[in-house]
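This report refers to the structure that appears directly beneath it.
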Amino acid sequence: EAGVAQSPRYKIIEKRQSVAFWCNPISGHATLYWYQQILGQGPKLLIQFQNNGVVDDSQLPKDRFSAERLKGVDSTLKIQPAKLEDSAVYLCASSSWGPNTEAFFGQGTRLTVV
Amino acid sequence: AQSVTQLGSHVSVSEGALVLLRCNYSSSVPPYLFWYVQYPNQGLQLLLKYTSAATLVKGINGFEAEFKKSETSFHLTKPSAHMSDAAEYFCAVSWMDSSYKLIFGSGTRLLVRP
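Here's what the structure looks like:
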């Protein structure tokens, strides 16, 4: 089966600019996650969707980050305006809903803010 | 509060030696437990997960983990390290009462010496 697709793979922007990342989950997966992984750290959950509804966005910096999952399939994560500390790898993952289900990860988007 | 802790940001072993990576969780309710591996510039891949069918879980590449409820631990082991095992390893947990939000530990980088 096709995996989780993310684009772009790499992005370099200047601080205060805006950027958007796109994720296409595995077909049929109801749950979609966005994680931020700063170099040397574990993935930090930014937002979790169940179909097109938000389950948890408690760690999403809502003054600059936004995410949507229209029609419960693809998702976009936007940063506006970007700060230097947003430099990280942004990982998208998807899974079936329910206990003990495996999350499948995309390759990630490496963002560098200069 | 629910959390997961990985002791040791770096573990170095000789090729052929035992690998032991530690993971502890903090929760009043039993979590669902996972180990993921991340090779350089790649996404995360599931190594194994605890299914409650058995406390000792076998995963891919010869890794296994044992769930010990009394110690709130889920340590990852491999009897004999191989050079190809060098990677970053993440313990992850989720709970039914938090909508299966998947939370990661800070990770342990495994170095294998020839």
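Residue numbers (the numbering used here), protein chains in the order written: chain A, 7 to 120; chain B, 828 to 941.
We put the CB at the ideal spot given by N, CA and C, even for glycine.
Predicted model only: the values in this text are computed from it and were never measured.
Neighbours of Gln-869 of chain B across chain A, judged by C-beta separation under 8 Å: Gln-113. Restricted to the region 17 to 92 of chain A, the beta strand (DSSP E) segments that are unbroken, complete and at least 3 residues in length are 25 to 30, 37 to 43, 50 to 56, 59 to 62, 71 to 74, 81 to 85, listed in chain order.
Contacts with chain B (Cβ-Cβ distance below 8 Å) from the region 52 to 84 of chain A involve Gln-54, Gln-56, Val-61, Asp-62, listed in chain order.
The DSSP-derived three-state label of Lys-896 of chain B is helix. Under the three-state reduction of DSSP output, Asn-888 of chain B falls in the helix class. Distance from the CA atom of Gly-59 of chain A to the CA atom of Arg-75 of chain A, rounded to whole angstroms, is 8 Å. Residue B:Ser-854 holds the alpha-carbon nearest to the alpha-carbon of Ser-897 of chain B among B:Ser-854, B:Leu-845, B:Val-840.
For Lys-50 of chain A, the CB contacts under 8 Å within the same chain, skipping 5 residues up- and downstream, are Tyr-41, Gln-42, Gln-43, Ile-44, Gln-65 in chain order. At a cut-off of 8 Å, the C-beta of Glu-108 of chain A has a neighbouring C-beta in chain B.
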